[in-house]
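**Student:**
Chains as they are written, first to last, in my numbering: chain Z, 1007 to 1122; chain A, 665 to 778.
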């Protein structure tokens, strides 16, 4: 089955700096890679996702890059703000005939702390 | 995005009893899932709740321990049976929206077993 490794486990940055979180996956059939933000006591919130037919996707201060050859993808947050502090999870899944979307394998999570 | 609700939001249960968690979605969805998040950990898929047929369980999860029902396209239940303290976790319902090709999570049910 799929295995997703996520690094670092904790990340501390100053407000305004950039933050980068990296994930690697094992199953070359994986083609959907979402990122979730989870604040304490809250549900995971989808913040951005990427599919294997593109290499990069941006949404304001957040971007995700995908390298299919190396089987890794990264989350980039620019101009970080204290409200970006949360746990971030990467995930991967494959669409095996259109029936496997939703069966996500998650990374271990990264605790991001943005200091004012 | 789909609006997902879960009941109960939290519960404290005695060892050996069972808890049934309900998940309601505001629109019809093809695919519903149940995940578990143990304290301070990541999320792990328990099973896919199939409408009109038996759920599909992931490795390490069995129907006797986690029976699931999915009577229609907007509702599912997960029962955690014969509770032990190791079952203390957050259980999350999740849906895949075919229209937007995105996946969303319910607010979760925090289970504590004493």
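Each residue gets a CB set at the ideal place from its N, CA and C atoms; glycine is no exception.
Remember, it's a predicted structure, so these values are computed and weren't measured experimentally.
#1: So, for residue 768 of chain A: in the same chain, excluding its five sequence neighbours on each side, which residues have a beta-carbon less than 8 Å away from its beta-carbon?
#2: Could you name each continuous beta strand (DSSP E) segment of 3 residues or more that falls completely within the region 689–754 of chain A, going from the start of the chain to the end?
#3: Heavy atom of the ligand FMN less than 7 Å from the Cβ of residue 1043 of chain Z, yes or no?
#4: For the region 684–698 of chain A, which residues have a CB atom closer than 7 Å to at least one CB atom of chain Z, in sequence order?
#5: Got a sec? Which residues, its chain only, sit under 6 Å from residue 1109 of chain Z by beta carbon, not counting five neighbours each side?
#6: Do residue 741 of chain A and residue 755 of chain A count as a contact pair if the criterion is CB distance below 8 Å?
#7: Grouping DSSP H, G and I as helix and E and B as strand, with all else coil, what is residue 1050 of chain Z?
#8: Here's the rule: buried if 16 or more other CB atoms are within 10 angstroms of the residue's CB, otherwise exposed. What is residue 770 of chain A?
#9: Do the CB positions of residue 1051 of chain Z and residue 1029 of chain Z come within less than 8 Å of each other?
#10: According to DSSP, is residue 1090 of chain Z helix, strand or coil?
#11: Give the DSSP bridge partners of residue 1098 of chain Z, in chain order.
**Tutor:** Inspection of the coordinates gives the following:
#1: 665, 666, 668, 758, 759, 761
#2: 695–701, 707–713, 732–736, 739–744
#3: In the structure on display, the ligand FMN does not appear, and there are no ligands present to speak of.
#4: 695, 697
#5: 1099
#6: no
#7: coil
#8: buried
#9: no
#10: helix
#11: Z/1111
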